[in-house]
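Residue numbers (the numbering used here), protein chains in the order written: chain W, 11 to 514; chain Y, 95 to 444.
Quick look at the structure:
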């Protein structure tokens, strides 16, 4: 019996876990469910010894234990298959699976033959066919995922943690894997299974724990797993309405299309994306993490080059080779990763504001200090952005104000199409509201705003229409009465059947 | 049979050492042609080549052990001088028996390497900058101990070092073989596997229960031992002490490892370091003989050593370009590896 009680963990200001609990018995497959950022992965990492919790207790068979390092976790009989894999790309299949579990033969050297036999046997069990001496980086993503699971199972754990391992697997591979997991369960292994795919839960799991905002909100038994509405209710805290059909007529009434994307492909994340953005609307892009949203934005911007598909912008087919070209053509880009992609922390606030304008001018054009500051002051007043002294470095601002700065930088150059990738990630509620207000004003003036967000409330609040991405495709288009929180969550999880799929 | 050979060749082509091996073979062939085979394949030629260059070769091997674990040490070169200074000064100033003095020098080399390791691994300071500044610290210490080049080594030592055993095996080659043998053992232990894992992805290595810090510290220990040996070889080969010599070996060993196909992050073997070092040594040798030939062929041609360096370093530069271009897949990891050396290390399990 494994039990976690009252686990808390803060990452700086973000509370990832607020008294989460989880328990799993030997011979049970328990699924761990929750929306983005509900703390599932963090909880798994606590058990794996990769994250040290700030508070709470872990019990094994009623006895309290401490997991300080991943080594402790191994010693307690816990093995983990990670979502982002833990294979070493430059090591062979054998070395990867046997890593830190090598058989020691004569004089402290590794018994290579026994290792090979062991791995052969293991992979036969998993029905994985690959060259045992191939480097992990040369294998297909699905094979790598299978190896990740195989590696964890090989440790013969008492508790097996599987964090979204089926994301890259094919249908028949999943079937084989489930068979194996059921066998392990019958042999008395406790299994925690994290997934976003509800069908898998109903098929495989015996029970479920649902998390919301870092808390455990519900424990479901076997017969409750088929009740999707119930699960969505626990995940969102709201009762879902039955989805109503809403035709595309609302969208068509909007008027002139500024951006039309069809069949966009960029392996592996973007498979087939088509959508339309109309002039003066705020278009939302929703979905779970990593369903191709940020790749899509960067494809529009010309940072990535699509493998297939067409982008029509202002009625012409375009293909930007680099972001600079896109910016010259009236596209702005605001990233939520402000430290990595937006802010120049050591330069002044004024310079940070002005930099969007420089991108459209000539390379050797003279820029005076007065012009920069004048421009910045005007922008600050016009958009009511409360910043400190214009001459202070941008790093002196708080995260929320830095983000407002980025927004102002682009708004001030009045792009025709503004792309936002999770613009309010880690931004406080007041700044967020102000940013939303600015965006709405801009849309009224005719700017087209495409905003991708991992925050459902933000999408509901801001967007006129929402495209929901699922595994690199458009899962649904939500507008008018269709646009409900519950429907959004349901579509994000890929609940809806294919025939219901709306396309833009 | 032919099929088996082809498969082995295909396998070898994908090995990290492949480019290094090709480069080495190319300059070796060039060298043999310039020097004429009759003069190249002599025992005395091999003896001179090996005994003169053994310090550099060993330094490269030490550096490649570090790079396997994803770290580096620029101060490796001046550490050689540190060992050299201790080995000379202990017997000369304090009357310590030579054997004990040299053992102390070797230990000193290990300790100073562990100090570098402590700074990089435990304090998680950026490797490149830290070891660059440590270079100057060690330099200062060297000069404190030994103000100016001086001292001598007993005849028996440098005679032995320069000797040829059984009429074909230079003594220096024996040292190299010993180090390679030890490595062959280490490679086959669990530690050998863990080095690669930590070098490529310390976070994932940590996730399977390996302690990355301990693995990297052990690498500094091994490197300290190899560099200690190199310092003693330097002392025996020069038969005197110099507190400021061999500093450039640090950066040279780094370039040798990269020439040999080594990469930051669990890619490459000790043989990468070996072939890289061989490439450096043979290029210098070949250029020397080339200029010798030119001065004889052209009347009145005056050569100074800078010209030789210009030519040999240009060849090395081209070699580096070749490795980077051929190892296309590795380019990104190489870049990331370098960036890693400029950053503070990460903490795992926080």
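All residues carry an ideal CB built from backbone N, CA and C; glycine is no exception.
Taking the beta carbon of residue 360 of chain Y as reference, the chain W residues within 8 Å of it are 98, 100 and 101, listed in sequence order. The beta carbon of residue 39 of chain W sits closer than 7 Å to those of 191, 195, 201, 203, 214, 215 and 216, all from its chain and outside the five residues before and after it, given in chain order. DSSP places residue 306 of chain W inside the alpha helix (DSSP H), whose first and last residues are 303-311. Residue environment analysis places residue 465 of chain W among the buried positions, since at least 16 neighbouring C-beta atoms fall within 10 angstroms of its C-beta.
A distance of 7 Å or more separates the beta carbons of residue 210 of chain W and residue 219 of chain W. Straight-line measurement puts the Cα of residue 247 of chain Y at about 5 Å from the Cα of residue 333 of chain Y. Following the DSSP letters along the chain, one finds residue 20 of chain W inside the beta strand (DSSP E) bounded by residues 12-21.
In the DSSP assignment, residue 221 of chain W forms a beta bridge with W/44 and W/226. Contact between the stretch 232-239 of chain Y and the stretch 284-300 of chain Y is absent, with fewer than three C-beta pairs closer than 8 Å. Secondary structure in the stretch 92-141 of chain W: the alpha helix (DSSP H) runs of 4 residues or longer, each lying completely within the stretch, are 103-108 and 122-135 in chain order. For residue 60 of chain W, the three-state secondary structure derived from DSSP is coil. Against residue 58 of chain W, the close residues of chain Y are 301, in the order they occur along the chain (beta-carbon pairs closer than 8 Å). The residues 330, 333, 336, 341, 343 and 429, in chain order, have a CB closer than 8 Å to that of residue 311 of chain W in the same chain once the five nearest residues on each side in sequence are set aside.
A Cβ of chain W is located within less than 7 Å of the beta carbon of residue 304 of chain Y. Close to residue 120 of chain W, with beta-carbon spacing below 9 Å, are these residues of chain Y in chain order: 282, 283, 284, 286 and 287. Distance from the CA of residue 91 of chain W to the CA of residue 170 of chain W, rounded to the nearest whole angstrom, comes to 8 Å. Annotation: Cβ neighbours of residue 291 of chain Y in chain W (cutoff 7 Å, chain order): 98, 101 and 109. Under the three-state reduction of DSSP, residue 101 of chain Y is assigned to helix. If you draw a straight line from the Cα of residue 157 of chain Y to the Cα of residue 347 of chain Y, it comes to about 6 Å.
If one requires a minimum length of 3 residues, the beta strand (DSSP E) runs lying completely within the stretch 397-474 of chain W are 427-431 and 458-462, in chain order. When 9 Å is used as the limit between beta carbons, residue 92 of chain W is near these residues of chain Y: 298 and 301, in chain order. Using a Cβ distance threshold of 7 Å, residue 369 of chain Y and residue 264 of chain Y do not count as a contacting pair. Here residue 329 of chain W carries a coil assignment [DSSP, helix/strand/coil]. Taking all protein chains shown into account, residue 96 of chain W has 16 or more neighbouring C-beta atoms within 10 Å of its C-beta and is therefore buried. Using a Cβ-Cβ cut-off of 7 Å, residue 295 of chain Y counts as an interface residue toward chain W, since at least one Cβ of chain W sits closer than that to its own. Minimum Cα-Cα distance from residue 35 of chain W among the listed residues W/295, W/80, W/172 and W/199 corresponds to W/199. Assignment of residue 152 of chain W by DSSP, reduced to helix, strand and coil, places it in the helix class.
In the three-state reduction of the DSSP assignment, residue 333 of chain Y falls in the coil class, being assigned neither a helical nor a strand state. Around the beta carbon of residue 244 of chain W, a 10 Å sphere encloses 16 or more other beta carbons of the protein chains shown; the residue is thus reported as buried.
Between residue 163 of chain W and residue 175 of chain W, the gap from beta carbon to beta carbon reaches 7 Å or more. With respect to residue 181 of chain Y, residue 195 of chain Y sits close: the two C-beta atoms are nearer than 7 Å. Residue 375 of chain W is classed as exposed because its beta carbon has fewer than 16 other beta carbons within 10 Å across all chains shown. Straight-line spacing of the CA atoms in residue 476 of chain W and residue 296 of chain W works out to 7 Å. Taking residue 210 of chain Y as reference, the option from Y/315, Y/252, Y/438 and Y/335 with the minimal CA-CA separation is Y/315. Residue 442 of chain Y has its alpha-carbon roughly 9 Å from the corresponding atom of residue 79 of chain W.
Pairwise C-beta distances place the stretch 264-284 of chain W in contact with the stretch 302-310 of chain W, as three or more of them are shorter than 8 Å.
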